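Here's the structure we're looking at; comments come further down.
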Amino acid sequence: MDTQDQHGRTRTRTRTRTTRTRTRTRTRPTRLHPRLPFLAAAAAAAAFTLTAALATPLNPAPQQAEAKDDGKKTLTVAVAQSVDSLSPFVAQRLLSTSVHRLTYEYLTNYDPKDNHAVPAFATKWESSADKLTWTYTIRSNSKWSDGKKATAEDAAWTFNKIMSKEGTATANSNFVTNFKKVTAPTPTKLVIELKKPQSTMAALDVPIVPKHVWEKVDDISKFNNDKDFPVVGNGPFVLSEFKVDQYVKLRANKNFWRGAPKFDELVFKTYKDQDAAVAALRKGEVSFVAGQPALTPAQANGLKGEPDIKVNNGPGRRFFALATNPGARTRDGKKFGDGHPALLDKRVRQALFLSVDRKAIVDKVFQGNAVEGAGYIPPRFSEYSWKPSADQELGYDPQRAAKLLDEAGYRKKGSKRVGKDGKPLDFRILCHATDPNDKAVGKYLKEWWGDLGIGLKVNCLDDVSVPWYAGEYDLAFDGWSVNPDPDFVLGIHTCAALPEKAKESAATDNFICDNKYDELYEKQLAEYDPAKRAALVKQMESWLYDSGYMNVIAYPNAVEAYRTDQIKSITTMPSAAGNIYGQDGYWSWWSAVPASGKGSSDGGSSTGVIIGIAVAAVVLAGGGALFAMRRRSTADDRE
Amino acid sequence: MTAAGNNPAAILAAEAEAARADRGAPDGPAEQAGPRGRRGPRARDTTAYLQYVAGKLGGALVSMFAVLVTSFFLFRLIPGDPVKQMTGGRRVSSEQLAAMRTEFGLDQPVWQQFTDYCGNVLTGDFGTSYQFHAPVLDKITEALPATLWLTGTAYILYTLIGIWLGTRTAWRNGRLGDRFHTGLALTLYSVPSFWLGLLLIITFSVGMGPLPGLFPTGGMESGDESGFAYVVDVAHHMVLPVLTLVAVGYAQTLLVMRSSLLDEMGGDYLTTARAKGLRDDLVRRRHAVPNALLPTVTLMFVNLGTVVAGAILVETVFSWPGLGGLFYQALSVPDLPLVQGLFFVFATAVILMNTVADVIYPLLDPRVGR
Numbered sequence: 000m001d002t003q004d005q006h007g008r009t010r011t012r013t014r015t016r017t018t019r020t021r022t023r024t025r026t027r028p029t030r031l032h033p034r035l036p037f038l039a040a041a042a043a044a045a046a047f048t049l050t051a052a053l054a055t056p057l058n059p060a061p062q063q064a065e066a067k068d069d070g071k072k073t074l075t076v077a078v079a080q081s082v083d084s085l086s087p088f089v090a091q092r093l094l095s096t097s098v099h100r101l102t103y104e105y106l107t108n109y110d111p112k113d114n115h116a117v118p119a120f121a122t123k124w125e126s127s128a129d130k131l132t133w134t135y136t137i138r139s140n141s142k143w144s145d146g147k148k149a150t151a152e153d154a155a156w157t158f159n160k161i162m163s164k165e166g167t168a169t170a171n172s173n174f175v176t177n178f179k180k181v182t183a184p185t186p187t188k189l190v191i192e193l194k195k196p197q198s199t200m201a202a203l204d205v206p207i208v209p210k211h212v213w214e215k216v217d218d219i220s221k222f223n224n225d226k227d228f229p230v231v232g233n234g235p236f237v238l239s240e241f242k243v244d245q246y247v248k249l250r251a252n253k254n255f256w257r258g259a260p261k262f263d264e265l266v267f268k269t270y271k272d273q274d275a276a277v278a279a280l281r282k283g284e285v286s287f288v289a290g291q292p293a294l295t296p297a298q299a300n301g302l303k304g305e306p307d308i309k310v311n312n313g314p315g316r317r318f319f320a321l322a323t324n325p326g327a328r329t330r331d332g333k334k335f336g337d338g339h340p341a342l343l344d345k346r347v348r349q350a351l352f353l354s355v356d357r358k359a360i361v362d363k364v365f366q367g368n369a370v371e372g373a374g375y376i377p378p379r380f381s382e383y384s385w386k387p388s389a390d391q392e393l394g395y396d397p398q399r400a401a402k403l404l405d406e407a408g409y410r411k412k413g414s415k416r417v418g419k420d421g422k423p424l425d426f427r428i429l430c431h432a433t434d435p436n437d438k439a440v441g442k443y444l445k446e447w448w449g450d451l452g453i454g455l456k457v458n459c460l461d462d463v464s465v466p467w468y469a470g471e472y473d474l475a476f477d478g479w480s481v482n483p484d485p486d487f488v489l490g491i492h493t494c495a496a497l498p499e500k501a502k503e504s505a506a507t508d509n510f511i512c513d514n515k516y517d518e519l520y521e522k523q524l525a526e527y528d529p530a531k532r533a534a535l536v537k538q539m540e541s542w543l544y545d546s547g548y549m550n551v552i553a554y555p556n557a558v559e560a561y562r563t564d565q566i567k568s569i570t571t572m573p574s575a576a577g578n579i580y581g582q583d584g585y586w587s588w589w590s591a592v593p594a595s596g597k598g599s600s601d602g603g604s605s606t607g608v609i610i611g612i613a614v615a616a617v618v619l620a621g622g623g624a625l626f627a628m629r630r631r632s633t634a635d636d637r638e
Numbered sequence: 342m343t344a345a346g347n348n349p350a351a352i353l354a355a356e357a358e359a360a361r362a363d364r365g366a367p368d369g370p371a372e373q374a375g376p377r378g379r380r381g382p383r384a385r386d387t388t389a390y391l392q393y394v395a396g397k398l399g400g401a402l403v404s405m406f407a408v409l410v411t412s413f414f415l416f417r418l419i420p421g422d423p424v425k426q427m428t429g430g431r432r433v434s435s436e437q438l439a440a441m442r443t444e445f446g447l448d449q450p451v452w453q454q455f456t457d458y459c460g461n462v463l464t465g466d467f468g469t470s471y472q473f474h475a476p477v478l479d480k481i482t483e484a485l486p487a488t489l490w491l492t493g494t495a496y497i498l499y500t501l502i503g504i505w506l507g508t509r510t511a512w513r514n515g516r517l518g519d520r521f522h523t524g525l526a527l528t529l530y531s532v533p534s535f536w537l538g539l540l541l542i543i544t545f546s547v548g549m550g551p552l553p554g555l556f557p558t559g560g561m562e563s564g565d566e567s568g569f570a571y572v573v574d575v576a577h578h579m580v581l582p583v584l585t586l587v588a589v590g591y592a593q594t595l596l597v598m599r600s601s602l603l604d605e606m607g608g609d610y611l612t613t614a615r616a617k618g619l620r621d622d623l624v625r626r627r628h629a630v631p632n633a634l635l636p637t638v639t640l641m642f643v644n645l646g647t648v649v650a651g652a653i654l655v656e657t658v659f660s661w662p663g664l665g666g667l668f669y670q671a672l673s674v675p676d677l678p679l680v681q682g683l684f685f686v687f688a689t690a691v692i693l694m695n696t697v698a699d700v701i702y703p704l705l706d707p708r709v710g711r
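If you read the protein sequences in the order shown, they are chains A and B. According to this note's numbering, the residues represented by the first sequence are 0 to 638, in order. According to this note's numbering, the residues represented by the second sequence are 342 to 711, in order.
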């Protein structure tokens, strides 16, 4: 909503009549009057710009991402997001929560190898026989950055504050809904009492804040934790500086109990444009570029040939799926929306499933930067990942799809399939206008389903949430980032997640509500034995697969890139092959080892200085010469 | 400077001659520029002027009210649930969603929200941003300096360059210089600013061939400097974005200035000035340009009003932390209090500048407002 277009053009009244009377009067010899003031001002402004240009040589420091004069090793990460808040009670964006993961300890962390829960602020956790009381042993060797000891008292205060809902529920209250009471009987013992059993107690991703600092805050709901630096914390890094929309600076915590990070400083620098961020990586101004959500194939391919740059193309955390509207309804069963009734037939849903060539989509749309989809949970979470058996699999089989549709009563009449009521089978699919993958896949679906005799309208919107929550769609492109603990992505398909009122946004993903699935969900939530719980989770995935409600087409890779002349090594998650930015732990930045050599940009910029001066000098000299020539040519007028 | 230029007597003579020439010019601005040179009672003029100003101010107030109403309802037409958009892809419970809706007041009826909003704006309170959990006014004042630095510098440069080149090309129209500058300006004008910005980044930031990277790829500062070094650092970061804005922006002023000066060039008063023996330069500067400046002044004020709104695309490409970028972020949620606040501020700036232009027109050209 600008009052001007991209160029700042505005409509202005101009007169069209032009007069072409050339007047070349010889004037009496007089001297040149001093130039009009605006000429002087123009010169001054130009001089300012030129000064700035020439200032480059004097200040080469900003160019280097590492190896500054004082020997400080800095790792600069280009990120596209800006910080929403630095308060762990309100922050929701990935960048902000990543900063919190690095600056505050959580009770547990996830193993970089296989994502199982490992000790962090808590060294040990166990449940009572009735499954309702969990006792955490808090480590005694963790200190806040202001020197005070971090204890169970801090953890209890944090959880109680979230449970108090004094404007503190925004970010993390989903973790505490089932909590009855949280206490800290001793500095190393945290006790959480539950209302009913909950197996996710080793996956409480809540930053623990220092009580002695935060209890002095007047109104936590209005406090963004961005005024006093450094911010007191106990993670591997200390939040030391923040400039809105520019950067977040973190300093290494030398006293971190797991060992100090190898880099001295970690900077998250805002690059709103991904191409500009890639340019900064090429130049060496940043050490790492996190794609949002991934580098485009063009960007990745362009970087592959570059010296000293490594493109990390590892399995990601997301799944990319087609969701089928199962008939939107409220929690108490009131139906709403206008999902196509044909989709209530499982055979029709499965037929749609069978006519999607997932491999082609991975090759053509994702250009190989994805893994072919199967079960609901991506394979990187090996504990919970599930694959259909050979006879259960709904692979690409248009003939079987046609047969299923025939059975369901949708027979081909000419080139179109029609129902018993004589109406042709036409579907709509909701697509995110901002996601090029959605549009490209939409084209393939149109073709494949068209061959079957099914019509498809690809409905691309900037914001799909309105028709989605109104249940006014037949199919939709869907996708979620999965966490090491799958509880959340499973929970969004339970009846409890349905909206209370029609069309109201709710936790539900796709209005799925099924008794068998809900039963399995409750069971896995109460199952404390990891192997048994994993088995239950896989049964749920199997049910989801058969239902045809969620067709997981692909698991897109995390495509990101870094400079090997600045980062010698860095841990991906899972460590064998995985992502770097947006991990579930702090492993990548904590483990990153600086390269010993100087960054390639260092040499470049000092030569740059000299050439910069030379260029400026040539421009000045050229301008001067031109001016002199012009003066000579108009000497006639001036005499 | 010529040798004569150092002679104070010659300067004085030239001044005196010019002054005489001005008074003599039949359509010259000096004669009509102020009440001083006009016949008739001064008081009547002043009253007429005040009436004119009052009318303009009244119009501005009406516009402001329209903006107030529009800013509230317009953005509620954007599809999308702010709560859902903000929590998209994250783990949230239904309770959390409900809590957020209550916090933002979205559970209130629309008329209630509107009356609250109007009352608050009148007391200078634009509410709290949904996504940043901070007062809207704080977010705006935080980003305003960055925008003013960037677009303000660009504004001064493209206005000056536009006027200067416009004058030159009109005065020597049809010649090679005119054709070259008009062509170049129009070409740059039609270039998408984000594309030009990216080209500049690739060429001058990253470096190309023997050309090394001279400027930073983005941002406003490198974050390590203070004092004078900080000022130089910011200036260094400003070069490419300012260059982009100037390149795509100066054509407008150039063309308006050029065409209005061409209009004036056939004027008899110029012939008179020449007949008196005035040097060509003086004829242009003292007689032609002041009369041709009015459309350019209009444009200058319109542009000045939009300086505040920043430049969304250029700010994005160069990761400039200004209002344009903030507006984009606000729209994508939609962060209603923030878009409303920004829209109000942007519109106010434009209305204010237009009003100022209206008010000073009669002082520049007494034909206006009579």
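The C-beta atom is built at its ideal place from N, Cα and C for all residues, glycine as well. None of the values given here were measured: they were computed from a predicted structure.
Under 7 Å, Cβ to Cβ, is there at least one residue of chain A near residue i?
| i | result |
| --- | --- |
| B/G440 | In the sequence under discussion, the amino acid at residue 440 of chain B is Ala, which differs from the Gly named in the question. With 7 Å as the cut-off, B/A440 counts as an interface residue toward chain A. |
| B/G396 | no |
| B/S567 | no |
| B/V547 | yes |
Shorter than 7 Å from the beta carbon of residue i to some beta carbon of chain B?
| i | result |
| --- | --- |
| A/A279 | yes |
| A/Q245 | yes |
| A/D83 | yes |
| A/D473 | no |
| A/A400 | no |
| A/D145 | no |
| A/D272 | yes |
| A/V89 | yes |
Would you identify the three-state DSSP class for residue i, choosing helix, strand or coil?
| i | result |
| --- | --- |
| B/H628 | helix |
| B/L704 | helix |
| A/A278 | helix |
| A/V355 | coil |
| B/M694 | helix |
| B/M549 | strand |
| B/D479 | helix |
| A/L189 | strand |
| B/L451 | A small correction: the amino acid at residue 451 of chain B is Val; Leu does not occupy that position in the sequence shown. B/V451 falls in the helix class under three-state DSSP. |
| B/T528 | helix |
| A/N108 | strand |
| A/M549 | strand |
Do you know offhand how far residue i's Cα is from residue j's?
| i | j | result |
| --- | --- | --- |
| A/G421 | A/A495 | 37 Å |
| A/S546 | A/R348 | 8 Å |
| A/F510 | A/L497 | 6 Å |
| A/D517 | A/D331 | 15 Å |
| A/L524 | A/V231 | 35 Å |
| A/F228 | A/D217 | 18 Å |
| B/D699 | B/V394 | 8 Å |
Note the first and the last residue of the continuous beta strand (DSSP E) segment covering residue i.
| i | result |
| --- | --- |
| A/W133 | T132 to I137 |
| A/E406 | Run containing A/E406: none in the beta strand (DSSP E); it sits in the alpha helix (DSSP H), P397 to E406. |
Locate the alpha helix (DSSP H) running through residue i, then write down its first and last residues.
| i | result |
| --- | --- |
| A/W467 | S464 to Y468 |
Looking at the strands, I want to know which residues DSSP matches up with residue i.
| i | result |
| --- | --- |
| A/C459 | A/C430 |
| A/P593 | A/I566 |
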